[in-house]
Amino acid sequence: MHYFGDYELLGELARGGMGVVYRAPQVSLKRVVALKMILTGKFANEAEVQRFRVEAEAAANLQHPNIVAIHEIGEHEGQQYFSMDYVQGPNLAAVIQGKPLGIRRAAELAKAMAEAIHYAHQRGVLHRDLKPQNVLVDERDQPRITDFGLAKQKENESGLTQTGAVMGTPSYMPPEQAVGRQDLIGPQSDIYSLGAVLYEMLTGRPPFKAENSVATLRQVVDAPPMRSTKLNEEVPLDIETICLKCLEKEGPARYATARALAEDLDRFLRQQPILARPIMSAVVCGFGVWLLFMTIAAVVWEGDLSGKSLPIIMALISTWVGGAYFWQVTREQTSLSYGLRLEHNQKKPESPRWPMSTRLAIVLFPGIIALMLVAYFAQPAGLKETLTQWAVGWIYISAFAFSFKARTKEPRNHNMNTSVKVWFQGIIPFSVKFISLQGQFFHRLR
-14 MHYFGDYELL
-4 GELARGGMGV
6 VYRAPQVSLK
16 RVVALKMILT
26 GKFANEAEVQ
36 RFRVEAEAAA
46 NLQHPNIVAI
56 HEIGEHEGQQ
66 YFSMDYVQGP
76 NLAAVIQGKP
86 LGIRRAAELA
96 KAMAEAIHYA
106 HQRGVLHRDL
116 KPQNVLVDER
126 DQPRITDFGL
136 AKQKENESGL
146 TQTGAVMGTP
156 SYMPPEQAVG
166 RQDLIGPQSD
176 IYSLGAVLYE
186 MLTGRPPFKA
196 ENSVATLRQV
206 VDAPPMRSTK
216 LNEEVPLDIE
226 TICLKCLEKE
236 GPARYATARA
246 LAEDLDRFLR
256 QQPILARPIM
266 SAVVCGFGVW
276 LLFMTIAAVV
286 WEGDLSGKSL
296 PIIMALISTW
306 VGGAYFWQVT
316 REQTSLSYGL
326 RLEHNQKKPE
336 SPRWPMSTRL
346 AIVLFPGIIA
356 LMLVAYFAQP
366 AGLKETLTQW
376 AVGWIYISAF
386 AFSFKARTKE
396 PRNHNMNTSV
406 KVWFQGIIPF
416 SVKFISLQGQ
426 FFHRLR
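Note that our numbering gives residue 194 to position 209 of the sequence shown, counting from 1, and the numbers run on in steps of one.
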């Protein structure tokens, strides 16, 4: 029988990279608690002690039924410790065990966690390390969030993670945390992690997991998550949409608050329409339909669907198909660019280079899809200004070449002239504005 101050240590409950947790009855109060101590004990350095106390102080101010409560913070014989609720039950990772949970159960657990995180956010505490291993499931099947080891308090900036170091668990880490952008980490970073946990409850696996941490971080920053319905056909579209909204790469595209996430999950559970919608895919598809419609309208306007009009429509369709092909072919190059950025921990590459496939895209597809491709691959190099100049220039060069051909080789082809008018009056202004906004969007990721 081993005693540690007022506590009797009965057995080890968990062990991590920084701390160890014991099941420990408190002798004076005759209650069973979980006692956490620094793993290195008396030999802990100043940074370890400071981080340990940050965790204890952050959680000590939180009293919520879905957060493990802190009872006492202290020091015994030179060793830091704190006691907390003893939860009889496994962590969420042990509950999942690589297999999907029931849809309703997953939604209920995620809703409870979102409400708890919103409570923490209201009190100025960010968790920053939400994952299944840090969620205990009690005997009432209720989640209890624990391990605030990376917590950040707004009113007490500790400076422990302001050096650009990447800290956390890659598979559940938001992109801004993965690239060391501490200035971008906020409540919506925890919302991303909640989405990653929900994804694993729905599919049995996290949204991103590669052979090593660096490869996983590349996926987190660059790759879109696989749709949960591809891993579990029973996942309803609404909860998949909720999950994917949480996993948006840009913080503003996620739920504004954890409460908004909890409310949408509640709507799903009550079989009411959710508020989340796959916005980006709708915008892209909508723009493609609009562009195709404008070209067809220009042809039909003149009432001539002759053989000379058909190539215009086919060329537009080919541009979209070709653009999609090049998008997939060059994805690996983008991943490599991000990998270099992560490995060297730099915000801007010193000598950015354009991938050869992107150059080919500019030459072969001098239209909006090629320009979207350029924006996509310029992102890791941070080429917003250069991108806008190239984009506007190539749009006008393409348009003037189109106009010159129409006026010199086909002077009587009214269909071609009408298409040129539509191009100048509709497509060019819209494209310039679109590319400018896109440049601003990617600029925020640098």
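C-beta: ideal position from N, C-alpha, C; glycine also.
Give the single residue among the options whose Cα lies nearest to the Cα of residue i.
i       : options                          : result
Ala208  : Glu219, Asp(-9), Leu232          : Leu232
Gly434  : Leu77, Pro172, Met158, Ile259    : A query on residue 434 cannot be resolved here, the shown segment of the chain reaching from -14 to 431 and no further.
Glu62   : Asp175, Glu161, Asp(-9), Lys27   : Lys27
His103  : Pro258, Ala243, Leu250, Lys234   : Ala243
Leu(-6) : Ala9, Gly1, Arg0                 : Ala9
Glu57   : Asp223, Asp(-9), Pro258          : Asp(-9)
Gln256  : Leu222, Ala245, Lys234           : Leu222
Gly59   : Asn46, Arg38, Pro50, His49       : Arg38
Lys84   : Glu31, Thr154, Pro191, Met22     : Pro191
Pro210  : Glu219, Phe193, Val199           : Phe193
Leu49   : Lys15, Ala101, Ile55             : As written in the sequence, residue 49 is His, which differs from the Leu given in the question. Among Lys15, Ala101, Ile55, the Cα nearest to that of His49 belongs to Ala101.
His466  : His106, Ala245, Tyr7             : Not covered by the structure: residue 466. The range shown for the chain is -14 to 431.
Leu115  : Thr154, Arg16, His106, Arg125    : Thr154
Asp499  : Gln107, His106, Ala105, Leu86    : Residue 499 is absent from the model: the chain starts at -14 and stops at 431.
Arg166  : Ala195, Arg113, Pro117, Asn217   : Arg113
Gly0    : Asp132, Pro258, Ala105, Phe(-11) : Strictly speaking, residue 0 in this sequence is Arg, with Gly absent from that position. Residue Asp132 is the option with its Cα nearest to Arg0.
Val12   : Phe(-11), Arg262, Asp168         : Phe(-11)
Pro172  : His106, Glu196, Lys234           : His106
Ala181  : Ala245, Asp168, Lys234           : Lys234
Met22   : Leu260, Arg262, Arg36            : Arg36
Whole-angstrom Cβ separation of residue i and residue j, contact assumed at under 8 Å?
i      : j      : result
Ala99  : Ala238 : Contact doesn't hold; Cβ gap of about 17 Å is too wide.
Ile52  : Ile130 : 5 Å
Ala43  : Phe67  : Actually they do not touch by this definition, with Cβ atoms about 11 Å apart.
Gly236 : Ser174 : 7 Å
Ile55  : Glu219 : Not really, about 39 Å apart at Cβ, beyond 8 Å.
Would the beta-carbon of residue i fall within 8 Å of that of residue j?
i      : j      : result
Arg183 : Ala91  : The sequence given here places Leu at residue 183; Arg does not occur at that position. Yes, the pair counts as a contact, with Cβ atoms nearer than the cut-off.
Leu94  : Pro128 : yes
Gly4   : Leu20  : no
Thr201 : Ser156 : yes
Val18  : Gln65  : no
Gln250 : Lys96  : First, the amino acid is wrong: residue 250 is Leu here, not Gln. A contact, by the Cβ cut-off of 8 Å.
Val205 : Met158 : yes
Asn217 : Leu254 : no
Leu111 : Ile170 : yes
Glu185 : Pro258 : no
Quickly, what does DSSP pair residue i with across the bridge? List them, please.
i       : result
Ser68   : Leu20, Glu57
Gly7    : Correcting the residue type first, residue 7 is Tyr in the shown sequence and not Gly. Partner(s): Glu(-3), Leu20.
Tyr(-8) : Phe(-11), Gln11
Arg129  : Leu121
Asn197  : In the DSSP output, where bridge partners are listed per residue, Asn197 has none listed.
Ile259  : In DSSP, Ile259 forms no bridge with anything.
Asn76   : Leu121
Ile52   : Ile130
Should residue i be flagged as near chain B, meaning a C-beta pair shorter than 8 Å?
i      : result
Pro117 : Considering every chain present, this structure includes no chain B. It has just one protein chain.
Stretch pair the region 67 to 75 + the region 119 to 135: three plus CB contacts closer than 8 Å | Because the criterion of three Cβ pairs below 8 Å is met, the region 67 to 75 and the region 119 to 135 touch.
Contact between the region 153 to 169 and the region 209 to 229 (3+ Cβ pairs under 8 Å): Contact between the region 153 to 169 and the region 209 to 229 is absent, because fewer than three Cβ pairs lie under 8 Å.
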